[in-house]
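Residue numbers (the working numbering), protein chains in the order written: chain A, 897 to 1498; chain B, 14 to 192; chain C, 2 to 583. Yeah, the Cβ is synthetic: ideal placement off N, Cα and C, and Gly gets one too. Given the structure is predicted, the values throughout are model-derived calculations rather than measurements.
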Amino acid sequence: MTRLATRTDLNQLADSLRQAPAAGAAKPQIFVGMSTCGLASGAGKVYDAIAAALQEKGLADHVQLIKAGCVGLCFAEPTVELQLPNQPIVTLGDVTAERGRQLVDELAANGSFSNPLSVDNAIFKKQVRIALRNCGRIDPEQISDYLRNGGYQMLAKAVFDWQPQDVIDTIKASGLRGRGGGGFPTGVKWQAAQGAAGEIKYIVCNADEGDPGAFMDRSVLEGDPHCVLEAMAVAGRAIGARRGFVYCRAEYPLAVKRLGIAIEQARAMGLLGEKILGSDFAFDIEIKYGAGAFVCGEETSLIHSIEGKRGEPTVKPPFPAERGLWDASTTVNNVETFANIVPILEKGAAWFRSIGTEKSPGTKVFSLAGDIKNVGLAEIPMGMTIQELLYDIGGGSSDGKPIKAVQTGGPSGGCIPSIKFDTPMEYETLTALGSIMGSGGMIVMSEGTSMVKIAHFYLQFTCDESCGKCTPCRIGCKRLHEILDRILKGEGKPEDLTKLEELGNVIKDTALCGLGQTAPNPVLSTLRWFRGEYEECLKRGNRPPTYRIDPVKCVGCHACFKVCPANCIEGKVKQPHTIRQQDCVHCGACFKTCKFDAIARE
Amino acid sequence: MATAKHSSAAATAPATPGADTAKYQQLEAFLTGLKVDGADLAGRRAVLIPALHRAQEIFSYLPTEVQKFIAAHLNLHVSEVNGVVSFYHYFKTKMSGKHTIEFCLGTACYVRGAAKLIEKAESMLKAKLGETTTDGLFTLGSLRCVGACSLAPVVQIDGKTYGRVTAEQIPAILAEYQK
Amino acid sequence: MPFVNITIDDIRLQVPKDATILEAAQKATIKIPTLCHLELHNRQTVNQVASCRICVVEVDGRRNLAPACSTKVANNMVIRTHSPRVLKSRRVLLQLLLSNHPKDCLNCYASGACELQDLANQFHTDKNRFEGESSNFAIETSSAAITRDLNKCIRCRRCETACNDMQTVGVLSGIGRGFNMVVGPAFHAPLQDTQCVFCGQCVKVCPTGALMGKSHIDPVWDAINNPDKIVLVQTAPAVRAALGEEFGMEPGHTVTKQMVTALRRLGFDYVFDTNFAADLTIMEEATEFLHRLQHGGRLPMLTSCCPAWVKFFEHQFQDLLDVPSTCKSPQEMFGAIAKTYWAQKLGIDPAKIVVVSVMPCLSKKYEAARKELSSSGLQDVDYVLSTREIARMLREAGIDFLSLPAGEFDNPLGFSTGGADIFAVSGGVCEAALRMAAEVITGQPLETVDFEEVRGQRGLRHAGVEIAGKMVNVAIASGLGNARRLLEEIRSGKSSYHLIEIMACPGGCVGGGGQPFVDSKHEFEVIRKRSEAIYAEDAGKEIRSSQKNPYIQQLYKEFLGEPYGEKAHQLLHTGYTGREKL
């Protein structure tokens, strides 16, 4: 790898990479998704099988086999994507080593793939890929792949063509908002940092993706690490910083590894370090490891953690842009935010604004998990409704039952009931529903999920992750959790619901950091939308629900009789039915089936 | 850093020869390699968490003596070092069993039945989460979301990921390690 | 713009733009309650963790409530400090704190001096609606000086700030996290096993009874009431400048003579004075200093009266153990002399003697328990009461302190010079040593014994004192953070001082960890007043230089021989040991 001493070197290299016959689009390309999920599902074996088969058939020089990142189809891992010259790309799911060999056989025999079992294209149709543009399309461990696709050109422009203020103006004009949860305008943050006092400034990439169920940042780092590095360097140029840190969870070994390789390669080529592309601009990046503390996603905690301290948050203001790492101005943006920077600079603010909504321009990556058919990542324009995301892209629930609610924003977010699924997703609309955009984690819950238990689960999480610094979070969340515990055990009292609300609101109002201020959201939102379940829990205690058939309302349609797995429903067609209580397994199947509202749940 | 620091640090290492000595030497080499300026408190602090990560790799956990050793080397108060160690869940202060079974406690895994897996493993191994079995073979632990939600519920044993695990599969999975 | 306009509870006012809402409210005579907030010693140490959230206020246009202690004002800010939303939040927060608190105020030593109790009184929280699991820690009593009851801890972290930022002792840290987070030593180690120096600054700033001085009251009552024992009491110079405050007196008055009467009424057999031993200390320490100065000994020489300071360098500056003076502290010298010279003089079996000290200090309890401080074969000092404890005993005994008649110390161990009085203040030991050293060097009586250049309230001071044409460089530190800076200079070989006085507590012993509790906001002022009272006591003495104390001269003549001589070494000097850092 030779150092690029000038901008011309960069351009020449990019040109030669694009034109090189060895890398041309004239060859068939096979991408194997090799991110964490893929590897855990056996992508390594698939890759090896394909590589061996290509050797065997003497195709190794005629087909390009690429170890790619993840395209976001986690439910179908291992995935393989096939690109024949001048044909649309085809995505295959659940590929085995055997199937991999078959693919090569077909290619050898026919020069094409016969009738490949492709993943439904609809999953991609509604997506707009900005942050994930390169994920699955390039080999993240080869900087040449990134350079071929126009990589580091925006850094070159930022260094040679633009003034720092030009970059900030473009980001401001684009309306890009922080994708880590808060939704703070990125350009405004950069402007503040640029204007902050002090010679030394820092850029920090927040890759402490801690929301359970959110994995888009991991995917970007595993699939396209250079896009983050380039954006950080651009930010450094715009703001006047010479050092950057990526604060990454220790739970993401592959992301850390690939990021490390990317940094080494960028340094070797003179795209990081001193005298970037022969200019006077210097910028270097280090990886810092998290150590298992959710609160370190909060920017002041994260800064303390980089400093080597307990990751306890401190009061804002002063904001990090003013006083952060080692008391110097520090700009903290999350991975997905950085992943948007280069495309915005490439295509302009107006282009970015043409996607998404007025208040929330651009796209957002959501990770769909839980009871959903197509578990995975989806990058969609802001403003898409929850319904579209869940059904058109997510494919509906995994068990065929109706989806009851989604939880967005992880432990800081709230549960949104199905009646609100027509809401277009923007920062403000989700907040209005008592949830938040958060980092884009979306946990899907189908009918039958107890919302009280979900709230209890999240509070357990918050109690485990509370740093313990401030009173409302340390003791208040514990009390919320205890009350929920009590309710679930059947020891709840009627006033407990008021207590939950009162305490939850005080915690929101008084906690020190974002974790505490949002910790009650899961309780408050489920109380708001599913209060009935809480009341039922209070009434019923931990006793399972009892079902009774109202003889007046029952028309004797016999539907319940058919669905009862315990065969404990008696009755003849057109006559009122009854439930043999001693044999009932309390599954609720009859209750859900009855179309005449004749079955009461107590 | 003054050489006096190094000697006092070495003094805190256990005198008993054996595997531990080699481990301390490894750790010492790492710490010395950091080349931090003794007069720069912020610089010494900034390498604490990397040092703890490295130490845990070497020792598999962070016993008291190792924490003191690091504190002496970096000239930080032991209370500060222990304050940091006890803050981050990733750092372990108890020796683990031969194999570590970790259950992902992310939401996706929860929704898809992680609790049942834990229940099953706990009852089979007669140890609770965070505990080590009496034969020292397994330590049960929990993981924060590993982001492999498509595989939910996820169990990792010694870092190897098992996806879409059911309670019925637990005995067979454990059996692989009980040989 | 140095000032901004704000409206606070409908009062409009101008405040400096750097002010916090809390400070602005004070200007408007609005008292916003606080718990974790702490400002010490002219703002050099501030605990601004903003963790208790009791001080939250409503700021127009802000989504959530703002902590007044750490939120800066802004122009045209509109603040409400007692809106229903604010009061409700405070009440709930207080109930949360109380839900994890034992609420055994009737049995608590801090009762009456507890900020949490005060708040509970103000808010009348009625029935607590948020009870739940509460902490269940064993009370930690390992050390001779400080008791920790973490069940009463509200995690305000003031102690941590005092220990780390002010004193740089570094024994306390947040340990663990979440509900189970505690403030304590590494590995939950008992205090006795740590590098804690027992300065007691943490006890002073603790808003509740979580940190307490360990009580010696019961064994002292037992000794007093034991007919086989002869119980001597000695009182440190700083006690007389603060004891009155315990009985409602304004700070800044010495109550020496009432104190003597009070102690006698409590039943002590002899009421002696640590001041006597302070004069003796000067004899030894000034001689040692002159010895080092004239014989090319280790310089600078550091004073060694403060046990917290001694323990501090034993842990943290093990390479400098030869720098401090080898003199025992006055308390220990007193005990050693009482159980030898005085016992012999009166023909009493030293084993029957119980030496009780009344000290402004908690570390003295630890010092008394140091095994090597037992020159007579018996522990030099048996029990140590803090200023707060002696006040408690007086109240227990129903002694109406303020109306007591004047009393006089018993002799010979009760007579002292002004040089002994000033041991109570930072710079005093140094000044007393100079009073003697100057006269010994020049062979002439001093025109004035007041060395104003070594006095003052700053925590770190230095001065050049000319004696017989030679410049003696002295430095004075109070507060261990300041001491550390001087020690690091010595370690790096850059120190040009001859004599350094160090006291662990800010302001010296008048600001000791065993002194009456003072609202931290006023502490700096109170310490200054106590110091002034001490200097007045000194100025009022007929004899002001230690070497002129006739009873001291008699002691050397009858018993000790030469200052810094062999017998003196055996009884009045000691050595230091390196200790583990933990």
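Check: With distances taken from CA atoms, which of A:I1315, A:P981, A:T1367, A:S1308 is nearest M1338 (chain A)?
Finding: A:S1308
Check: For A1246 (chain A), which of A:A1137, A:S1115, A:I1067 has the nearest alpha-carbon?
Finding: When C-alpha distances from A1246 (chain A) are compared across A:A1137, A:S1115, A:I1067, the shortest belongs to A:I1067.
Next item on the list: Report, in whole angstroms, the separation of the C-beta atoms of M302 (chain C) and Q548 (chain C), which I expect to be a contact under 8 Å.
Entry: So it is not a contact: roughly 18 Å between Cβ atoms.
Next item on the list: Take the Cβ of P984 (chain A) as the centre, count every other Cβ of all protein chains shown within 10 Å, and call the residue buried at 16 or more, exposed below.
Entry: exposed
Notebook entry, point to check: Quick check: the region 1366-1374 of chain A against the region 1170-1179 of chain A, are there 3 or more CB pairs under 8 Å?
Noted result: With the rule of 3 Cβ pairs closer than 8 Å, the region 1366-1374 of chain A does not count as touching the region 1170-1179 of chain A.
Next item on the list: Scan the region 64-94 of chain B for residues whose Cβ lies nearer than 9 Å to a Cβ of chain C and list them as they occur along the chain.
Entry: T77, Q80, K81, A84, A85, L89, H90, V91, S92, E93, V94
Margin query: Check this for me: beta carbons of T282 (chain C) and L573 (chain C), under 9 Å apart or not?
Written below: yes
Check: How many Å lie between A1274 (chain A) and G1291 (chain A) at the Cα?
Finding: 12 Å
Next item on the list: Look at the alpha carbon of C1123 (chain A) and the alpha carbon of A75 (chain C), and state the distance between them as a whole number of angstroms.
Entry: Going from the Cα of C1123 (chain A) to the Cα of A75 (chain C) covers about 40 Å.
Note to self: Once DSSP output is grouped into helix, strand and coil, what is the label at Q516 (chain C)?
What the structure shows: coil
Next item on the list: Find the nearest neighbour of D990 (chain A) within the set A:I1251, A:C970, A:P981, judged by alpha-carbon distance.
Entry: A:C970
Note to self: Is I186 (chain B) close to chain A? Criterion is C-beta to C-beta, closer than 9 Å.
What the structure shows: no
Margin query: On the CB-based measure, 16 or more other CB atoms within 10 Å of its CB, does A24 (chain B) come out buried or exposed?
Written below: For A24 (chain B), the predicted model reports a pLDDT of 40, less than 50, meaning its position is unreliable; a value from the coordinates is still stated below. By the neighbour-count rule (16 or more Cβ atoms within 10 Å), A24 (chain B) is not buried but exposed.
Item checked: Burial state of E373 (chain C) (16 or more Cβ within 10 Å) -> That one is exposed.
Notebook entry, point to check: chain B beta carbons: is any one of them nearer than 9 Å to that of Y1185 (chain A)?
Noted result: For Y1185 (chain A), the answer is yes, since a Cβ of chain B falls inside 9 Å of its Cβ.
Margin query: Rounding to the nearest angstrom, what Cα-Cα distance links A919 (chain A) and E977 (chain A) in this structure?
Written below: With a pLDDT of only 49 at A919 (chain A), under 50, the local geometry of the prediction cannot be trusted, and the value read off the model is given with reservation. Distance between the alpha carbons of A919 (chain A) and E977 (chain A) is about 17 Å.
Check: Residues in the region 123-156 of chain C with C-beta within 8 Å of chain A's C-beta atoms, listed in sequence order?
Finding: R130, F131, G133, E134, I155, R156
Margin query: Quick check on A180 (chain B) - is its C-beta less than 9 Å from some C-beta in chain A?
Written below: no
Margin query: Does chain A have any CB closer than 9 Å to the CB of F100 (chain B)?
Written below: yes
Next item on the list: Find the residues of chain A that neighbour A51 (chain C), judging by a C-beta separation of less than 7 Å, and give them in chain order.
Entry: V1211, L1408
Margin query: Beta-carbon within less than 7 Å of K1297 (chain A)'s beta-carbon, same chain only, minus the 5 sequence neighbours each way: which residues are those?
Written below: S1342, E1343, G1344
Check: Taking just the CA atoms, how far does A20 (chain C) sit from P3 (chain C)?
Finding: Cα-Cα distance, rounded: 10 Å.
Item checked: Interface residues of chain F facing L97 (chain C) [CB-CB closer than 8 Å] -> Absent from the structure: chain F. Protein chains present are A, B and C.
Check: What three-state label does DSSP hand C1483 (chain A) in the structure shown?
Finding: coil
Next item on the list: Just grab the DSSP bridge partners of Q1303 (chain A) for me.
Entry: A:C1311, A:I1339
Item checked: Contacts around I528 (chain C), its chain only, beta-carbon distance under 6 Å, and the 5 residues preceding and following it disregarded -> G508, V511, G512
Note to self: Within the continuous beta strand (DSSP E) that includes Q196 (chain C), where are the two ends?
What the structure shows: Run containing Q196 (chain C): none; DSSP gives neither H nor E here.
Note to self: Taking 8 Å as the cut-off, does the region 136-149 of chain B touch the region 1221-1237 of chain A (at least 3 CB pairs, one atom from each stretch)?
What the structure shows: no
Check: What whole-angstrom Cβ distance do G1244 (chain A) and G1252 (chain A) have, given they're in contact under 8 Å?
Finding: Contact doesn't hold; Cβ gap of about 15 Å is too wide.
Check: Do you know offhand how far F269 (chain C)'s Cα is from R371 (chain C)'s?
Finding: A straight line joining the alpha-carbon of F269 (chain C) with that of R371 (chain C) spans about 24 Å.
Notebook entry, point to check: For the candidate residues A:A1052, A:G1076, A:I1379, A:P1081, whose alpha-carbon lies nearest to that of D1065 (chain A)?
Noted result: A:P1081
Notebook entry, point to check: So which residues of chain C does G96 (chain B) contact, with C-beta pairs closer than 8 Å?
Noted result: Simply S174, G175, I176, A187.
Next item on the list: To the nearest angstrom, report how far apart A936 (chain A) and D1107 (chain A) are at their CA atoms.
Entry: 21 Å
Check: How big is the Cα-Cα spacing for H1473 (chain A) and C1483 (chain A)?
Finding: Cα to Cα, H1473 (chain A) sits roughly 17 Å from C1483 (chain A).
Item checked: Contact between the region 222-229 of chain C and the region 341-349 of chain C (3+ Cβ pairs under 8 Å) -> no
Notebook entry, point to check: Using 9 Å as the limit for Cβ to Cβ distance, is I1202 (chain A) near chain B?
Noted result: yes
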